[in-house]
Structures are given as structure tokens and as C-alpha cells.
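Quick note: the sequence shown uses this note's numbering, first residue 936, plus one each step.
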Amino acid sequence: MQINDSFYSRLIELAILGLKPLYDDQQKLFTKKYANKELIDEEYQPSFIYTATTVLGLIRARKAGWNINEMNESEILDALVNRINAFESPGILGLMLWADSHSDGIHAKTLYQAIKDEVHDEKINELPTYELSWLLTGLSYAHQNIEQDVYYKELVSNLYNAITFNMNSDAGLFGYRTGGTWPATMRNKIGNFADQIYSVYALSTYSDIFKISKALEQALQCANRLCELQGDKGQWWWHYHSKKNIIAANYPVYGVHQSGMTPMTLFKLSEVSGQDFKSSILRGVNWLTGDNELGIEMIDWQNNIIWRDIKWKQPRASLKYLSMATATLGMNGISRLVNRIPAYKVNHEMRSYHLGWVLYAFADKYSPQKGSSKKLSKK
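Pasting the structure below:
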């Protein structure tokens, strides 16, 4: 399939239409998902996180002139704020503050107070890198909506320091977290793709707003290393050993990384730094259209679904843990060996946040208001 302006416009339309069956208009939350091609209920806590990410895409789409119909982003944010005491993950507060900052900012004080209540030095050390990044991004965007008191400045600085402490400054890759208890700490140096890409977004935003040049250098270092490690079919791999500077486990390869999280992050980094990442973005998106391990399209245009990932079949899938263990020892030979075995399958699932990040990445670049697009297509 040719990736051109028409493709991206169709992808945006698919994302909007695909969100509708996942949305509960009574609760104002995205409470459904596809699993094994069937529409089922999402688990309670994940539905909060997925709703908070999805609303970011809806806000951007509506501002760009796309018709998102009955999915009202203000009502969705209100619904999340009303459930704030039910959250188990402090990082979701960062996502909500991020979204609120893109909207009217009316929840900024409430969300900031919740963050002050939940996030302290000990807690920061326990949080995974991607949650720290959500918090730093949200607080950075909200700088004009909340009082920049001493605590705010200390918190933003502490989050930045915690994120970059988890980074191998020689390699550019991020670990999972700093704290925790054994044996969970054994994987602290192995960060997943979310730890990498959300950190790049957070550092780009932090640098842009507070003019911290070091943060931009760190964002570029990680992004450039990820691009170096990108697969020959445009894959963004799943786990990385930050200390050893290697891929710890390649699979699954997630569609949301290919068409949502990475494009939105590299667009942001391009905006702040001036470096062009279009070719890496296009290679990643192209993976969805059939240039992948199975040679099949990951997009079901008829049913408005983008399938979740391509992963290893069993028993090969279990070898990813062996691959991660050997990566801890600085060896990635097992990963290369396992990758040669042609045993892949599509995971026929989809969650709302994938479509939300698609909208956040592309909706303002292929807007019906503009009548034209910024050229990101492959001719």
C-alpha cells in the first residue's frame, strides 16, 4: 500500500471511527477493547490509563477540525477527575495534566494538588521511567496553569533528574527504574520501548519550555540510538538493556509504537531540535501496511481496527525471558539466534490508546481545516 496523504487521512478517520465502539457514553470512559477479534470489557485500572491517553488524541483531532462526534473530551476529562481517588498509578495524573493543558486548563490545580499528595522522593525512585516521563511532560505543559512555587520547581527538577539517572549517558538508552526490591530490581537496567520513547518526549518538552539544552541533547541521544537499532522492516523493538547498550528482546513489535508513540515523539523532537526523522517514521508506519515479518497488513480498514502486535509463537515466545537474562550479562547472541526461527503470529487485540496516539501524532498534520498537509508521505 502506498503511504501518501490519502493514507494518513484514512488512518485518522479509522482512528476516530474505531474509538466509538470502545467508548462508554454513560461512564465517559473507554472501557472496551478487542481481544481475539471480539469486543470485550477492559480491566478497571487500565481503562483509566487508556482513557487518559486517548483523550489527548481527541483534543488534538477536534482542534484540527476533525469531527469526533459524541466523544466530548471535556466530559471525558471531568469523568477522570471525578475518579481521581481510584487511581493506582500516579503517572496517570501526569497524562491528565498533559491533556488538561491542551484543553482549557480548568483541572490544573486539582491535578497538581493530587500530584503533590502522591509523588515524593521515595515514590519517584519506585516509579518506572515511563511514568516519570508522563509526570514531567504534564507538569511542563501545565507551567502556565499552576503556581510555580518552590515545590513545583523542585518536583520538576527531581523528575528530570530521576529520568536521566535511569539513562546510560554513554549509550542513550533508559532503564526501567531505580528502586524496588529484589528480585524485581534485576530488570531495572532493562527498559521497555515506552521507557525510551516517553522519556524522549518528556525531555523534548521540558527542554522546549524551560530552555534546558542538556535535556534536548539527551532526547536526541536516545532517539538517534533507537533509530540506529530500528529493524530492517522499520520495527521499533520491545526491550533494551541500557547499561549494555543492546536490544534485550525484540518481540512483540507493537503497532502503537509503529504508528502512534514514535511518530508523535519524533515529530515533537523535530519541532524542538530541527533534526528530520521523517524517514524513520515512515519506515515504522510502513510496517503496518504489510512490510513486516508476516507480509500481512495490520490494519483492518473495514472494521476500523489496527491489530496490536506481531509476536513470537509458543514455545519460542518464552525464550524472550532467556534473551533478556543473557542481555544482562552483555550477550545478545540468543536474541539473534531466536529471531532466525520463522515463528510469528498476529495478536488480534486493540486498545483505545493506540488510536488515541495515532490521532495525537497525525491529526494536526492532515487536518480538514487546512486543506493540505505537511508532507510526510512516501511517494
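Here a beta-carbon is modelled for each residue, glycine too, at the ideal position from N, C-alpha and C.
Hey, is residue i's beta-carbon within less than 7 Å of any beta-carbon in chain C?
{"i": "M1102", "result": "The displayed structure is made up of one protein chain only, and chain C is not part of it."}
Pick out whichever of the options has its Cα sitting closest to the Cα of residue i.
{"i": "Q980", "options": "R1018, Q1153, V1220", "result": "R1018"}
{"i": "T989", "options": "Y1087, M1196, N1020, S1302", "result": "M1196"}
{"i": "Q1170", "options": "I1011, V1054, I1182", "result": "I1182"}
{"i": "K1213", "options": "I975, S1177, K1300, L991", "result": "K1300"}
{"i": "L957", "options": "S941, R945, L974", "result": "L974"}
{"i": "T1045", "options": "L1015, N1238, W1069, E1023", "result": "L1015"}
{"i": "F1145", "options": "W1001, A950, D959, A1077", "result": "A1077"}
{"i": "G1230", "options": "G953, Q1165, V1281", "result": "V1281"}
{"i": "I1011", "options": "K963, I1003, T1224", "result": "K963"}
{"i": "V1191", "options": "K1178, I1240, H1176", "result": "I1240"}
{"i": "Y1279", "options": "V1188, I1234, N1221, E1206", "result": "V1188"}
{"i": "K1124", "options": "L1151, A1021, K1178", "result": "K1178"}
Would you tell me roughly how many angstroms separate the C-alpha atoms of residue i and residue j, rounded to the nearest one?
{"i": "I1132", "j": "T1200", "result": "7 Å"}
{"i": "T1113", "j": "E1005", "result": "42 Å"}
{"i": "P1246", "j": "Q1083", "result": "Just to set this straight, residue 1246 is Lys in the shown sequence, not Pro. One C-alpha to the other measures close to 45 Å."}
{"i": "N948", "j": "I984", "result": "According to the sequence displayed, residue 948 carries Glu and not Asn. For E948 and I984, the distance between alpha carbons rounds to 23 Å."}
{"i": "N1159", "j": "R1122", "result": "23 Å"}
{"i": "S944", "j": "T1120", "result": "44 Å"}
{"i": "V1085", "j": "S1038", "result": "26 Å"}
{"i": "Y1136", "j": "A1154", "result": "8 Å"}
{"i": "S1215", "j": "L1294", "result": "19 Å"}
{"i": "L1138", "j": "K1149", "result": "9 Å"}
{"i": "M1031", "j": "K1203", "result": "19 Å"}
{"i": "D1232", "j": "D1167", "result": "Here residue 1232 is Glu; the residue named in the question, Asp, does not match the sequence. Whole-angstrom Cα-Cα distance: 17 Å."}
{"i": "F942", "j": "E1008", "result": "25 Å"}
{"i": "N1101", "j": "Q1237", "result": "43 Å"}
{"i": "L1290", "j": "L991", "result": "11 Å"}
{"i": "G1026", "j": "K1248", "result": "32 Å"}
For residue i, count neighbouring Cβ atoms within 10 angstroms of its own Cβ and tell me buried if that reaches 16, exposed if not.
{"i": "Q1048", "result": "exposed"}
{"i": "D1056", "result": "exposed"}
{"i": "G1209", "result": "exposed"}
{"i": "W1242", "result": "buried"}
{"i": "N1185", "result": "buried"}
{"i": "P1198", "result": "buried"}
{"i": "Q1079", "result": "exposed"}
{"i": "M936", "result": "exposed"}
{"i": "L946", "result": "buried"}
Between which two residues does the alpha helix (DSSP H) harbouring residue i extend?
{"i": "K1203", "result": "1197-1208"}
{"i": "D1056", "result": "1056-1061"}
{"i": "N1127", "result": "Note, N1127: premise wrong, no alpha helix (DSSP H); beta strand (DSSP E) at 1125-1127."}
{"i": "N1017", "result": "1008-1017"}
{"i": "A987", "result": "979-998"}
{"i": "A1154", "result": "1148-1164"}
{"i": "A1034", "result": "1026-1037"}
Does any heavy atom of the ligand SAH sit closer than 6 Å to the C-beta of residue i?
{"i": "L974", "result": "With respect to the ligand SAH, the structure offers nothing, as it holds no ligand at all."}
Taking the continuous beta strand (DSSP E) assigned at residue i, which residues delimit it?
{"i": "D1244", "result": "1244-1247"}
{"i": "H1176", "result": "1174-1176"}
{"i": "Y1315", "result": "Any answer about residue 1315 is impossible in this case: the structure gives the chain only from 936 up to 1314."}
{"i": "A1184", "result": "1181-1184"}
Those runs of the beta strand (DSSP E) which lie wholly inside the stretch 936-975 and span at least 3 residues: 967-970
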